[in-house]
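As structure tokens, the structure follows; a few thoughts come after it.
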Amino acid sequence: MCSINAFSLLLFVLVHVTSCCQDLDYHACVHAHTLKPTFCEDDALATSVCPKYCNKCPIACYSCNSTLEDYHQCKVVKICQAGERCMRRELNSIIDGHHEYELTCAKKSFCDDPWQGISMFGKRDISISCCAENLCNYPGYSPTPAQPTTTTSTTTTTQSTTTRTTTTPTPTTTTTKPTTHKPSTSHSCSGCCKDLMIAVDESGSMNEQLVKEFLINIISELTIGPSDTLVSLGLFLTSGRVIFDIGDHVNKSETIEAIKNIDFRAGHAEVNAGIHYLMRHATSAAGGDRPEYPNTMLIITDDGTSHVMISLENNLHHRGDVIAVELQPAYYHHLGSNSNAVFHLQSESQLTNIDHRIATLICQGVSGHSTFTSEPHNQGLHLIG
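Numbering (this note's numbering), first residue to last: 72 to 456.
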């Protein structure tokens, strides 16, 4: 562990961290993971041979362990240990409204469950978020062109249980990842070969069981495997959380079982949090994204209150095909890649009408499929019936 107080050395540190963490042979890493799914759990081997593939690369984070009321005072950057995340803890006082911040590195186990040992009363004014990009724990973080862009951040905030009606919004930042589609696959593929990234609204108004059945029906139609399609899944409220990444489950039965085991936390959801999850984590190396496989992103929401910026939608579209399932009252004209990739439904009960169509779209791509055009309905909505 080391700390750097000279801020002028920051760029050097980031470049050093990025350039020193490379796989010896990416394809050998894929093969090793295929032969032994627990390959990346061997820290010594994964760190020395496939650190990037196994998400073992160290990252640089702001580190001010003492609580600060003015986060601009934090000028210290720490190189975290392998496997650690950048963490930001924010306290919003209900007495006078002031904010306090703690910025540091944190173990992944803490990020997965930061509320252990904290009472319900202690949770209500605290927001804890973790991310996996260099310096991403700075409040209001937005990457600049001068910073390396080989990784993207993820907000894995544990949604706090609260009696208050206000929540800390996810920062509306965008990444500087090059806005180009990945090339067509040149490897051996037996059929449908995609990285399928799914983001699901877990608000209290969503029917959890019907959504899970919908996802399972889609997965059941796909060829799942290390050389074929792999799936990642995240849930979102006002921030996204990772359920599993690309490569965590390398066959159909594992993937379906993981979907069966998810639990919605309920609460208020904002579709922008789902978009941020897809852009900052799911389509990044930290999320297991395979550079030579085309991306297809599926986002499911009934959030009808949020405004999605066109620039945010465009950035998402540049990362691959986007399929949007919008349950009433959600209605976004351009969230999907085109009109063929947007499905407006009245309720989750209609999901069974489109699961086969979406499985086909995932494999064949979203362009040129006029049969997927929505049918007009009352109240300005388009329904699939």
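Backbone N, C-alpha and C define an ideal beta-carbon position, used for all residues, glycine too.
Helix, strand or coil: which one does DSSP assign to residue i?
i	result
Val-147	coil
Cys-132	strand
Thr-233	Caution applies to Thr-233, whose pLDDT of 31 falls short of 50 and renders its modelled position unreliable; the value that the coordinates give is listed next. Thr-233 falls in the coil class under three-state DSSP.
Ile-317	coil
Asp-183	helix
Phe-192	Bear in mind that the predicted position of Phe-192 carries a pLDDT of just 40, short of 50, making it unreliable; the figure below should be weighed with that in mind. Phe-192 falls in the helix class under three-state DSSP.
Ser-198	strand
Thr-239	Because the pLDDT at Thr-239 is just 36, under 50, the model does not fix this residue reliably, and the value given afterwards should be weighed accordingly. DSSP places Thr-239 in coil when its eight states are reduced to three.
Glu-341	coil
Would you mind working out which of the options sits nearest residue i, comparing C-alpha positions?
i	options	result
Pro-365	Thr-372, Gly-391, His-352 and Gly-358	Gly-391
Asn-385	Gly-375, Leu-398, Gln-399 and His-404	His-404
Asn-332	Ile-197, Ile-433 and Leu-286	Leu-286
Ser-134	His-143, Phe-315 and Val-148	Val-148
His-339	Ile-317, Ser-408, Leu-308 and Asn-288	Leu-308
Asn-278	Gln-144, Ser-418, Ile-433 and Val-120	Ser-418
Val-321	Asp-141, Thr-105 and Tyr-124	Thr-105
Arg-312	Leu-406, Asn-288, Ala-203 and Thr-175	Ala-203
Asp-334	Ala-177, Leu-304 and Ser-324	Leu-304
Asp-374	Gly-275, Phe-181 and Tyr-142	Gly-275
Ile-314	Arg-336, Glu-284 and Leu-293	Arg-336
His-170	Leu-306, Ser-180, Glu-325 and Thr-138	Thr-138
Ala-430	His-143, Cys-92 and Gly-262	Gly-262
Val-413	Asp-113, Tyr-142 and Ala-395	Ala-395
Have a look at residue i and residue j and give me their C-alpha separation to the nearest angstrom.
i	j	result
Thr-109	Gly-345	29 angstroms
Asp-266	Val-393	12 angstroms
Ser-420	Leu-281	7 angstroms
Gly-154	Leu-398	37 angstroms
Arg-428	Arg-351	27 angstroms
Cys-151	Ile-130	6 angstroms
Glu-273	Leu-416	17 angstroms
Val-197	Gly-436	Note that residue 197 corresponds to Ile in the displayed sequence, not to Val. Approximately 42 angstroms, taken between the alpha carbons.
Ile-425	Thr-354	25 angstroms
Asn-208	Asn-411	37 angstroms
Tyr-97	Asn-343	32 angstroms
Ser-310	Glu-341	8 angstroms
Asp-316	Thr-326	11 angstroms
Our contact map puts residue i next to residue j with C-beta atoms below 8 angstroms; I'd like the distance itself, whole angstroms only.
i	j	result
Thr-19	Ala-329	Residue 19 lies beyond the range of the chain shown here (72 to 456); nothing can be said about it.
Ala-357	Asn-126	6 angstroms
Arg-160	Ile-199	5 angstroms
Cys-92	Cys-128	4 angstroms
Q | the stretch 337 to 355 contacting the stretch 290 to 300, beta-carbon criterion three pairs below 8 angstroms | A | Segments in contact, no.
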